[in-house]
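Shown next, in structure tokens, is the structure this report addresses.
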Amino acid sequence: MYKLLLVSDREDVLSAFGQIQNWERQGFKPPHIRHDYEGTLDSLSKHHADGIAVAVVPEEEKKILAYLQEYYPNVPLFQAGTTPEEVLRYLNELNILLNRIHADFSNDGFREIDMLQECRHEFFRKLMTGRISRKEDLVRNMRLLRSRMDPDRPCILVELEQPAAADQDRLEGRWHYGPDRLELALRNSFGGDVEGIHILPTVHTDGRILVLCCALYGVETAVTGDRMTAMLTGHIAEGIAHQKEFFGLELHISGIRVLPSLYALCTDAAETDK
Numbered sequence: 001m002y003k004l005l006l007v008s009d010r011e012d013v014l015s016a017f018g019q020i021q022n023w024e025r026q027g028f029k030p031p032h033i034r035h036d037y038e039g040t041l042d043s044l045s046k047h048h049a050d051g052i053a054v055a056v057v058p059e060e061e062k063k064i065l066a067y068l069q070e071y072y073p074n075v076p077l078f079q080a081g082t083t084p085e086e087v088l089r090y091l092n093e094l095n096i097l098l099n100r101i102h103a104d105f106s107n108d109g110f111r112e113i114d115m116l117q118e119c120r121h122e123f124f125r126k127l128m129t130g131r132i133s134r135k136e137d138l139v140r141n142m143r144l145l146r147s148r149m150d151p152d153r154p155c156i157l158v159e160l161e162q163p164a165a166a167d168q169d170r171l172e173g174r175w176h177y178g179p180d181r182l183e184l185a186l187r188n189s190f191g192g193d194v195e196g197i198h199i200l201p202t203v204h205t206d207g208r209i210l211v212l213c214c215a216l217y218g219v220e221t222a223v224t225g226d227r228m229t230a231m232l233t234g235h236i237a238e239g240i241a242h243q244k245e246f247f248g249l250e251l252h253i254s255g256i257r258v259l260p261s262l263y264a265l266c267t268d269a270a271e272t273d274k
């Protein structure tokens, strides 16, 4: 059974959780309940938590989230819910994620933190290809998956062109699993954090290579506007050159989109802008 911590002083949230019966049937033990920042610290010093929900006033939430980011950066944060139906829905999302994170990957050398990262990458692949509809879904999943990207700040989506069709056989042979190995190589070449910006290369089932570049939450960066675009373009170009030098793989930047925020990638937002 997974263990939970609920931090809330809201009557609607506490009432909704109090109406849940048969916690074990949902895959969880009844949650430890605390009401503020000090209670959070006290509970976590005594009890393990596989998932944490926080529903307090913004000032208190900010302190709690800062503490969790520093000391528990890989514990999923699930939505609290204000009705029993919402609580069950968000618990189901958490249960699916935890089952994936804690699955036995001993033969593949996966750690739990690696699986959480892969789940994050899967979610952002969906976002980049228009499979996330609402802003609420984006925010909830980013928190659940412990993404450090800031959805409110400008971001950049870069598209890379793959090798010509004639080179696909060579690509498959060289990378063994093709797209999976290519994505890993791109991450190693130019993915990660650069000057307060997270860079995430992704290879999609339709053959596209998309690179999402977004500022990190709570990290100030002097790289903004045109300078941000120039810096990221140069950084990605260096990574492409690395691929060509070491693997003979030809890639080039074929498109750049500057977006006001990650929300612009949600299909509801795109429809509103039309």
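For the sequence shown, position 1 (counting from the first letter as 1) is numbered 1 according to the numbering used here, and the numbering increases by one without interruption. C-beta atoms are modelled at their ideal positions from N, C-alpha and C, and glycine is treated no differently.
By the DSSP assignment, the alpha helix (DSSP H) with residue i in it spans what residues?
i, result
"Ser-8", "Segment 4-8 is the beta strand (DSSP E) holding Ser-8; no alpha helix (DSSP H) there."
"Gly-239", "225-247"
"Pro-201", "Careful: Pro-201 lies outside any alpha helix (DSSP H), inside the beta strand (DSSP E) at 197-203."
"Gly-18", "11-18"
"Val-87", "84-101"
CA-CA distance, residue i and residue j?
i, j, result
"Glu-250", "Ile-209", "13 angstroms"
"Leu-262", "Thr-202", "16 angstroms"
"Tyr-2", "Lys-29", "6 angstroms"
"Ala-230", "Gln-243", "20 angstroms"
"His-102", "Asp-226", "42 angstroms"
"His-176", "Gly-207", "Only weak support is given to the placement of His-176: the predicted model assigns it a pLDDT of 47, under 50, and the question is left unresolved by the model."
"Leu-116", "Asn-74", "8 angstroms"
"Met-228", "Arg-257", "12 angstroms"
"Glu-238", "His-252", "11 angstroms"
"Arg-125", "Thr-233", "20 angstroms"
State yes or no: is the C-beta of residue i within less than 8 angstroms of the C-beta of residue j?
i, j, result
"Leu-65", "Val-54", "yes"
"Pro-76", "Leu-144", "yes"
"Asp-50", "Leu-88", "no"
"Val-211", "Val-139", "no"
"Leu-216", "His-235", "no"
For residue i, name the three-state secondary structure that DSSP assigns.
i, result
"Ala-166", "Because Ala-166 sits at a pLDDT of 43, beneath the cut-off of 50, its placement in the model cannot be relied upon, and the following sentence gives the value as read from the coordinates. DSSP places Ala-166 in helix when its eight states are reduced to three."
"Met-149", "strand"
"Val-139", "helix"
"Ile-121", "Correcting the residue type first, residue 121 is His in the shown sequence and not Ile. Three-state DSSP puts His-121 in a helix."
"Arg-111", "coil"
"Arg-34", "strand"
"Gly-51", "strand"
"Ile-209", "strand"
Between which two residues does the beta strand (DSSP E) harbouring residue i extend?
i, result
"Cys-155", "155-161"
"Leu-182", "Run containing Leu-182: none in the beta strand (DSSP E); it sits in the alpha helix (DSSP H), 179-190."
"Ser-254", "252-259"
Quiz prompt | contact_flag[the region 12-21, the region 80-95] where n(CB pairs < 8 angstroms) is 3 or more | solution = yes
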